[in-house]
Amino acid sequence: MNRSMRCAFPILLSGVLVSASLFAADAPSDSTASAAPPKADYDALLDGVSKIAICGVPGSLCLFSPQAFPLVAASHDKKLAAVVAATRLGKGRAVEFGHNGYFGRATLDKDDTGRLFLNAVQWAGTAGEKKGPRVGVRKAGEAQKFLAGKQVDAVALDGKDWLAQLKDCNVLVIEAGGFSPGEELAAVKAFVENGGGIVVAGCPWGWAQVTGKDLRTQYPANLLLGPAGMVAADTYVGPTADGGFSVAKEPDKLMHAGVALDMLVAQSKVGPPPSKKDLAQASATLMLAVRSVVPEDTLLLPRIRELLKDLGDSAVPLPSKPLKESNGLARVLVALQDMELHLLPPEKITAHPAAKGFPYEVPADAQRVTRKLEVDTAVPDWHSTGLYAAPGEVIEITLPDTAAAKGLGLRIGAHTDGIWHHEAWSRWPSISWHAPLKTPVTRIANPFGGAVYIEVPHNCKLGTLSVQVGNAIAAPYYVLGKTDVKEWRETIRNQPAPWAELECPGIILTVPSKVVRTLDDPEELMKFWSKVIQAEDELAAWKPEDRKRPERMVCDQDISAGYMHSGYPIMTFLDVIETNVNVKKITTVGEKGWGQWHELGHNHQSGDWTPSGGGEVTVNLFSMYVLSQVHGLPLEKTRPDELSQPRRLKKLKAYLASDKTPATWDPFTGLVLYYQLIDGFGWDTLKKVIAEYRGLPNNERPKNDSAKWSQWMVRYSKATGKNLGPFFQKWKAPVTQKALDEIKALPEWMHPDFAAVEAPPPPAAK
């Protein structure tokens, strides 16, 4: 953090800071006299609890008021986030679990989960005047039975008049989405504020996916408990112990956004700086909270907005000046800006200074154009327009009245990867913006700019639509078989937008325009890419009608995970740009496109023939196939550093001598097995076996690893006319005796590599 940032804090925040002693035993958790100190709360809630089970994929909770506090920590992007937490609302108390499965008997009976749930009910029920909790359970029958088994007075509130019945209870157990906004929310809020207790559980990210609603502003639990400083976030969390979450008697205080903000602000004071771990945790906690609270929040956001007034200029991540975790407060300000930018009407949005670094500025003299396009809605997902939106400028989309509010969308920016979780940001963490096309005319602006796409939902029946895009910038856009190469050389490749696209049947490449300005022969390039896609489709046994839309490959300043990753779009770093648009380079340099063919392979992989440990193994069959069939390389030369005979034998010998199995082998050891099958029986046999899985009825699909290996072995044996049982047993594949018996009449086969590694050593010289 620079010197000017450090000296601003004490003056700016004097008298405003929430004390870091928020969780001290002698500090009240609320300004009301009835509030219990957190130490007593922890003692009551965590009594007898050292570990709770994990159910499904829980979500995380954000805490940002003095009366809210974490109970159980979960793993989130190598840091911590609360998966169970508590707070006070008025005179009442609330405990929230990050998954509705915590009301299920299977989870309640594991580890100390039931004890924590029981503690939560009893703690929530002691706020009022009634001595023992009378618990009303709303649509959670297993939780009711569990409580009854613990001699807790628990009644079902499942009828239409459940709110009237709630008046006879002092604790409500209910799913996070189990009450509707409006009358039910108001009644539950009044119940808690007047001294009632509530124990709520829900999977926030799952609720958002299923309902399509905004978690911040429509999730019932957030509407209820947000004013008390506790909201659920749209994130996943993982275990901190085998099969569950370990429970500390004093959970990490930095899971609370208020404490995290205090610590980051305290960096300005004289004294030892926080540890790198604490800085990272505080920054992550605050960013998640800022992105999860309602925009009208009065507890956390006002403090951060005050900081933004003086420090906003520092919150600009650039490739030349990344924002690291040590820039914790600046990263929090980025999160706040991002949230508030999304709330602005298009006319209020301006170009953000981060756009200069990525995805780049547009030339000052670039002409704005209006174009009409034909969109075939039989093809789902993104439709390229050959147009670009300048940073901060409004573009206007016009479509037929009959197509409005039919699921179509507009996207500005191909760079959809969010990098909020990264240790350093060399660009703004999220720069692709989307808007639904609900009306015949839609206006949208993106402060970072980006390529313009029309999004089409799957199974759309609108036919071919005429769509108009106004106030955009022309981009270099080549389509194999449609774009005239002469026109490309003379005009199209010089269009002013900073990003270009190259398309052929099966894939679209998104690259910076600077690398296509000198591309003279896009036809040769995209014919090559077309062969690659045809090869991958062929190996996966995809028929032409199986491909619903092209793949996409987008180069980015930074990506969410790995060196490249699969998906829609496939994402790569910028260092492969010149390789992707140069046939000579991609066929001769380095690994010859192995990584690109690998990520395309992930998009073709099937779980039916990929057992545990095989995710990064069977995918490489596609890289090998492209290098063999398109590049024309011998099988061994497709990956000589891993598949040459000396390397194969070394791997095989080490594997046979180890306790490794296919579930735990390393990817290139596993690839040796598939190499041996291809070496022995050719590519056509492999393609035949893979094709047998296409259209397989559900009752014939393998359901576990043993079934997957057994079915693969039997199918391969029948395809080759050889008994491959001994071969797969050598590889320690968990095949069944039934499967072995099915092929035992066939002549046995073994790859010669085994004879080479198992041969006795030559006799010692006399």
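Residue numbering for the sequence shown follows the numbering used here, starting at 190 and increasing by one per position.
By construction, the Cβ of each residue, glycine as well, lies at the ideal position given by its N, Cα and C atoms.
In this text the structure is predicted, and so the values were computed from the model without any measurement.
Counting only residues of its own chain and dropping the five nearest sequence neighbours on each side, Met-939 has a CB closer than 7 angstroms to the CB of Pro-915, Phe-916. Shown here, Phe-637 sits in coil according to DSSP, grouped into three states, outside any helix or strand. Taking a 10 Å sphere around the C-beta of Val-261, we find 16 or more other C-beta atoms and assign the residue as buried. For Ser-573, DSSP records a beta bridge to Tyr-642. Looking at the DSSP output, Trp-614 shares a beta bridge with Leu-512. Across the structure, Gln-918 and Gly-782 are spaced so that their CA atoms are roughly 34 angstroms apart. Judged by DSSP in its simplified three-state form, Val-924 adopts coil rather than helix or strand. In the assembly as shown, Ser-833 is an exposed residue. Its beta-carbon has fewer than 16 other beta-carbons within 10 Å. For the options Glu-725, Leu-512, Val-861, Gln-470, the alpha carbon positioned closest to that of Gln-794 is the one of Glu-725. When the Cα atoms are used, Glu-889 and Gln-900 turn out to be separated by approximately 10 angstroms. Contact between the segment 367 to 380 and the segment 338 to 350 is absent: fewer than three C-beta pairs spanning the two stretches fall below 8 angstroms. According to the DSSP assignment, Asp-423 belongs to the beta strand (DSSP E) that extends over 419 to 425. Take Ser-573, set aside five residues on each side of it, and the residues of its chain with a beta-carbon closer than 8 angstroms to its own are Ala-640, Tyr-642, Tyr-666, Glu-690, Glu-692, Ile-697, in chain order. At a cut-off of 3 residues, the continuous stretches assigned as beta strand (DSSP E) that sit fully inside the segment 743 to 821 are 759 to 762.
Annotation: Ile-601 to Ser-249 spans about 29 angstroms, alpha carbon to alpha carbon. With a cut-off of 8 angstroms on Cβ pairs, the segment 423 to 436 is not in contact with the segment 460 to 470, counting fewer than three such pairs.
For His-541, the closest alpha carbon among the candidates Pro-625, Pro-569, Arg-492, Val-505 is that of Val-505. A residue is called buried when at least 16 other Cβ atoms come within 10 angstroms of its Cβ; Asn-683 does not meet this threshold and is exposed. In this structure, Gly-796 lies away from Leu-810, with their beta-carbon atoms at least 8 angstroms apart.
Out of Ala-449, Ala-257, Asn-660, Met-813, the CA that lies nearest to the CA of Gln-556 is found in Asn-660. For Ile-867, the uninterrupted alpha helix (DSSP H) segment begins and ends at 856 to 881.
By alpha-carbon distance to Gly-695, the top candidate from Thr-807, Trp-731, Thr-776 is Trp-731.
Between Trp-571 and Arg-736, the CB-CB gap reaches or exceeds 8 angstroms. By the Cβ neighbour-count rule, Val-399 is exposed, with fewer than 16 other Cβ atoms within 10 Å of its own. The beta carbon of Ala-422 sits closer than 6 angstroms to those of Ser-249, Cys-251, Leu-477, Ser-481, all from its chain and outside the five residues before and after it, given in chain order. With fewer than 16 other CB atoms across the displayed protein chains lying within 10 angstroms of its CB, Lys-465 is exposed.
In the three-state DSSP reduction, Ser-621 falls in the coil class, being neither helix nor strand.
Comparing alpha carbon positions, the residue from Val-479, Thr-707, Lys-442 closest to Val-523 is Val-479. Counted as a single uninterrupted DSSP element, the alpha helix (DSSP H) harbouring Phe-380 occupies residues 372 to 382. With 16 or more other Cβ atoms from the protein chains shown falling within 10 Å of its own Cβ, Ser-812 counts as buried.
Secondary structure of Lys-671 (DSSP, three-state): coil.
When the alpha-carbon of Arg-706 is set against those of Val-668, Gly-670, Ala-664, the nearest one is in Ala-664. Scanning Trp-622, Lys-627, Ala-283, Val-324 for the CA closest to the CA of Val-388 turns up Ala-283. Looking only at Lys-378, Lys-356, Arg-323, Val-272, the smallest Cα-Cα distance to Gly-279 is reached by Lys-378. Within the same chain, Pro-646 come within 6 angstroms of Gly-596 by CB-CB distance, once the 5 residues on both sides are set aside.
Non-local C-beta neighbours of Val-819 in its own chain, meaning closer than 7 angstroms and more than five positions away in sequence, comprise Lys-720, Val-721, Ala-724, ordered along the chain.
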